[in-house]
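K.L.:
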Ligand SMILES: NC(=O)c1ccc[n+]([C@@H]2O[C@H](COP(=O)([O-])OP(=O)(O)OC[C@H]3O[C@@H](n4cnc5c(N)ncnc54)[C@H](OP(=O)(O)O)[C@@H]3O)[C@@H](O)[C@H]2O)c1
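Residue numbers (my numbering): 12 to 265.
1. In chain order, what residues of the same chain have a beta carbon less than 8 Å from the beta carbon of residue 20, not counting five sequence neighbours either side?
2. Just to confirm the assignment, what range does the alpha helix (DSSP H) spanning residue 35 have?
3. Among the residues of its own chain, which have a CB less than 6 Å from the CB of residue 95, if the five just before and after it don't count?
4. Any contact of the segment 166–175 with the segment 27–34, i.e. 3+ C-beta pairs under 8 Å?
5. Please determine whether the Cβ atom of residue 209 lies at a distance below 7 Å from any heavy atom of ligand 1.
6. Pull up the distance between the alpha-carbon of residue 70 and that of residue 40, whole angstroms please.
7. Determine contact between the segment 80–88 and the segment 113–121, defined as no fewer than three beta-carbon pairs at a distance below 8 Å.
8. Do residue 79 and residue 107 come within 8 Å of each other at the CB atom, strictly closer than that value?
9. Alpha carbon to alpha carbon, how far is residue 66 from residue 57?
10. Check whether the Cβ of residue 228 lies closer than 7 Å to any heavy atom of ligand 1, and answer yes or no.
Set out below in structure tokens:
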């Protein structure tokens with residue numbers, strides 16, 4: 012439960028080995044040494060994330076199994092996470108996602124459908140399960156890691172971009188549906204963030220770090236924001252990009 016200063020007592024990260032997810036959990040947990048539950052597929056990668064979160068001052072940190080591609084398990088995952096936390100869950104971070112390989116996935120194979128399943132179907136299922144738990148508690152926040160790639164989908168990465176556009180719209184609608192329930196939903200739209208997801212790729216303009224995303228996320232929650240861009244200037248950039256004619260927009264590189 013949040014204290015009088017708004018500091019959280021517990022955080023659940025779905026996609027528990029995400030570098031951005033771990034940075035957000037650490038930033039949220041630090042003031043009160045909050046409990047952090049990291050839920051994901053791979054124990055050793057979550058172990059590394061758990062170390063990061065502990066190092067910045069979280070209290071108890073636990074890991075548990077979660078697969079975004081198994082929607083049938085999500086209700087139980089939420090119940091188990093609440094049990095492990097031993098208290099209400101204050102913040103659920105939807106941090107899982109795949110970037111994919113646009114060229115290879117366009118050419119064929121299962122990659123495009125796998126990406127859409129994880130990034131969109133998984134987010135819908137896990138988002139609804141999280142919302143139901145928080146609504147039952149009567150309080151809590153969901154942080155959904157979207158992307159500027161979903162604001163206007165580009166030819167160069169339209170498989171990933173469209174999955175983020177879909178999940179972004181879903182979480183905006185979910186937030187509206189939670190009005191008056193005590194549950195707050197905040198969509199975070201980072202630009203290029205240096206993590207293992209983008210390893211080996213050249214920095215895009217205004218590239219940023221997981222820590223910067225975490226600070227902006229915590230500030231956004233404190234201010235009751237429904238949408239956060241990181242860095243904030245990207246909002247203005249995309250206000251222009253949104254109106255570029257398609258023949259120009261389709262030539263914007265990845
Ligand atoms: N990095 C960027 O530039 C950037 C920019 C904008 C938005 N984002 C979004 O921010 C979120 C976090 O990304 P990140 O940069 O922190 O990348 P990351 O470190 O690669 O984290 C992505 C996480 O998703 C998990 N995941 C993938 N499929 C899953 C599944 N089926 N079930 C459960 N977990 C699954 C991965 O777990 P495993 O360890 O099991 O593979 C990994 O921990 C993603 O949604 C991403 O799209 C990233």
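For every residue, glycine included, the Cβ atom is placed at its ideal position computed from N, Cα and C.
P.N.:
Here's the rundown:
1. Numbered from 1 along the chain shown, position 9 holds the residue referred to as residue 20. If we look at residue 20 and ignore the five residues flanking it on each side, its Cβ neighbours are 12, 13, 14, 43, 45, 46, 98, 99, 101.
2. The residue you call residue 35 lines up with position 24 of the chain shown. Looking at the DSSP string, the run of the alpha helix (DSSP H) that includes residue 35 is 30–40.
3. Within the chain shown, numbered from 1, the residue matching residue 95 stands at position 84. Once the five neighbours on either side are set aside, the close Cβ partners of residue 95 are 48, 73.
4. No contact exists between the segment 166–175 and the segment 27–34.
5. Walking along the chain shown from the start, residue 209 turns up at place 198. Yes; taking the cut-off as 7 Å, the Cβ of residue 209 has a heavy atom of ligand 1 nearer than that.
6. Position 59 of the chain shown, counted from the first residue, corresponds to residue 70. Position 29 of the chain shown, counted from the first residue, corresponds to residue 40. So the alpha carbons of these two residues sit roughly 7 Å apart.
7. No: fewer than three Cβ pairs fall under 8 Å.
8. Position 96 of the chain shown, counted from the first residue, corresponds to residue 107. Position 68 of the chain shown, counted from the first residue, corresponds to residue 79. Cβ distance < 8 Å, so residue 107 and residue 79 count as in contact.
9. Working through the chain shown from its first residue, we reach residue 66 at position 55. Working through the chain shown from its first residue, we reach residue 57 at position 46. Residue 57 has its alpha-carbon roughly 14 Å from the corresponding atom of residue 66.
10. Taking the chain shown and counting its residues from 1, the one referred to as residue 228 is at position 217. Residue 228: no, Cβ never under 7 Å from ligand 1.
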